[in-house]
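Q:
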Amino acid sequence: DAGITQSPRHKVTETGTPVTLRCHQTENHRYMYWYRQDPGHGLRLIHYSYGVKDTDKGEVSDGYSVSRSKTEDFLLTLESATSSQTSVYFCAISTREMRVISYNEQFFGPGTRLTVL
Amino acid sequence: AQTVTQSQPEMSVQEAETVTLSCTYDTSESDYYLFWYKQPPSRQMILVIRQEAYKQQNATENRFSVNFQKAAKSFSLKISDSQLGDAAMYFCAYRSASGGSNYKLTFGKGTLLTVNP
Chain A
1 DAGITQSPRH KVTETGTPVT LRCHQTENHR YMYWYRQDPG HGLRLIHYSY
51 GVKDTDKGEV SDGYSVSRSK TEDFLLTLES ATSSQTSVYF CAISTREMRV
101 ISYNEQFFGP GTRLTVL
Chain B
1 AQTVTQSQPE MSVQEAETVT LSCTYDTSES DYYLFWYKQP PSRQMILVIR
51 QEAYKQQNAT ENRFSVNFQK AAKSFSLKIS DSQLGDAAMY FCAYRSASGG
101 SNYKLTFGKG TLLTVNP
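Put into structure tokens, the structure is as follows:
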């Protein structure tokens, strides 16, 4: 257990409203990621962070922004939610940099199911 | 860019039998990691097995083993003595060994495994 929590776990919102999802980790990992999961698409990377205030875009970043002001928190914001952003969102961390014996794993949070009406 | 292909959207197996899930990938890199993740109905992403590309020996974890064919860019998962608890969506994933990749995962679209009693 890599100590990753996500909040909220479920959210229903309306088109055009802002939404912020939070990912919190307890083990001081440098690398954090946001993925979305949609049927027929697997998991696709939205944004990632390689340190405090260091973020970059993934393959499906349009309509999303992120922030990381503290090591333990990585926020995903939908500035104006659209129905196409209805999805399950996963946060993940990479253990690459913290282990003596690196297994190069990514651990995932429990996911947030977001519905945009 | 790397791509991961899972050509079997769905598979089924009888309890106690053996099933093999297929995965192929495309990359120009020589050093990378491959993973199989399991996602049961709980939605939690669970790492099943990992393979380092520089290792010729196929990884094994209890009833789970892989057939890694580097030249063919193939990475199949074999589940022996299938159990009802193995029923889940299975994702194949690729990760570059290069730090410049920021350890991002590229996923296939998944294979839904059903285990019949």
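In order, the protein sequences belong to chains A and B.
At position 23 of the first sequence (counting the first as 1) the number is 23 in our numbering, and the numbers step up by one without a gap.
At position 40 of the second sequence (counting the first as 1) the number is 40 in our numbering, and the numbers step up by one without a gap.
Note that the Cβ used here is the ideal one computed from N, Cα and C, for glycine as well.
None of the values given here were measured: they were computed from a predicted structure.
Could you tell me if serine 49(A) is buried or exposed, where buried requires 16 or more neighbouring beta carbons within 10 angstroms of its beta carbon?
A: The residue in question, serine 49(A), is buried, as its Cβ has 16 or more Cβ neighbours within 10 Å.
Q: Below 8 Å between beta carbons is the criterion; list the residues of the stretch 40-74 of chain A that meet it against any residue of chain B, in chain order.
A: So the close ones are Gly40, His41, Gly42, Leu43, Arg44, Leu45, Tyr48, Tyr50, Asp56 and Gly58.
Q: Is serine 76(B) helix, strand or coil when you go by DSSP?
A: Strand, per DSSP.
Q: Taking the continuous beta strand (DSSP E) assigned at glutamate 10(B), which residues delimit it?
A: 10-14 is the extent of the beta strand (DSSP E) around glutamate 10(B).
Q: For a test of the three-state rule: what should DSSP assign to leucine 34(B), helix, strand or coil?
A: Three-state result, leucine 34(B): strand.
Q: Given that leucine 105(B) touches chain A, what residues does it touch there, using C-beta distances under 9 Å?
A: The answer, in chain order, is Tyr33, Tyr35, Leu43, Leu45, Ala92, Ser94 and Gln106.
Q: With asparagine 116(B) as the anchor, note down where its beta strand (DSSP E) starts and where it stops.
A: From DSSP, the beta strand (DSSP E) with asparagine 116(B) extends over 111-116.
Q: Is DSSP giving glutamine 44(B) helix, strand or coil here?
A: Coil at glutamine 44(B), not helix or strand.
Q: Does glycine 3(A) come within less than 8 Å of chain C when only Cβ atoms are used?
A: This model lacks chain C altogether, as its protein chains are A and B.
Q: I need the straight-line Cα distance from lysine 38(B) to aspartate 73(A), nearest angstrom please.
A: In a straight line, the C-alpha of lysine 38(B) is about 26 Å away from that of aspartate 73(A).
Q: Identify whether serine 28(B) lies in helix, strand or coil by the three-state DSSP scheme.
A: Correct three-state label for serine 28(B): coil.
Q: For lysine 109(B), is the classification buried or exposed, using 16 other Cβ atoms within 10 angstroms of its Cβ as the cut-off for buried?
A: It counts as buried.
Q: When the cut-off is 8 Å and only beta carbons count, does proline 110(A) lie next to chain B?
A: For proline 110(A), the answer is yes, since a Cβ of chain B falls inside 8 Å of its Cβ.
Q: Secondary structure at glutamine 85(A), three-state DSSP: helix, strand or coil?
A: Correct three-state label for glutamine 85(A): helix.
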